[in-house]
Amino acid sequence: MTKINFKKLDHIQICIPKGKEVEARQFYTDIIGLTEIPKPQALIPNGGLWYEIADIQLHIGTEDETNNSKRHPAFEVLNLSEAKRHLELNGILIKEETPIPGLDRFSFKDPFGNRIELLQKH
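For the sequence shown, counting from 1, position 50 maps to 50 in my numbering; every step adds exactly one.
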């Protein structure tokens, strides 16, 4: 039986309420500092935004209702304490996470309730 030979993770998608792209852009571009990339022309009518993070993409889709849960992306950063300080200076509430050996980490929520984890390996 042939197995699936994965190459890499291409993208992660989270969702925001329809019509909230301006607020999402202010948060993800202006506060977080992500680089927005163009969506394919065929997908523009669906709404949302796309961002590039290192060698993967973050797709922010739109839905009539969003369901916030424990599901979340986790991103490794170069300097966790700098990231934390930057978020706090922008009024973002930080949640300390349960320690895991070899990792420092915390999470926060975007304006739409999506949980995002940042971590640094040591």
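In this text, a Cβ means the ideal position worked out from N, Cα and C, and glycines have one as well.
Roughly how many angstroms lie between the CA atoms of residue i and residue j, to the nearest whole one?
i, j, result
"H11", "Q57", "4 angstroms"
"N46", "K20", "13 angstroms"
"G91", "P111", "11 angstroms"
"H59", "P73", "11 angstroms"
"V77", "T98", "18 angstroms"
Please name the residue, chosen from the options, that lies closest to residue i on a Cα-to-Cα basis.
i, options, result
"N67", "L87, G113, Q13, L118", "G113"
"K7", "V22, D55, E117", "D55"
With H, G and I counted as helix, E and B as strand and the rest as coil, what does DSSP make of residue i?
i, result
"T2", "coil"
"K84", "helix"
"A132", "In the structure displayed, the chain extends from 1 to 122; residue 132 sits before or after that span and is not available."
"L43", "helix"
"L93", "coil"
"G102", "coil"
Handout entry: alpha helix (DSSP H) runs wholly inside the region 6-37, at least 4 long, in chain order
Key = 21-25
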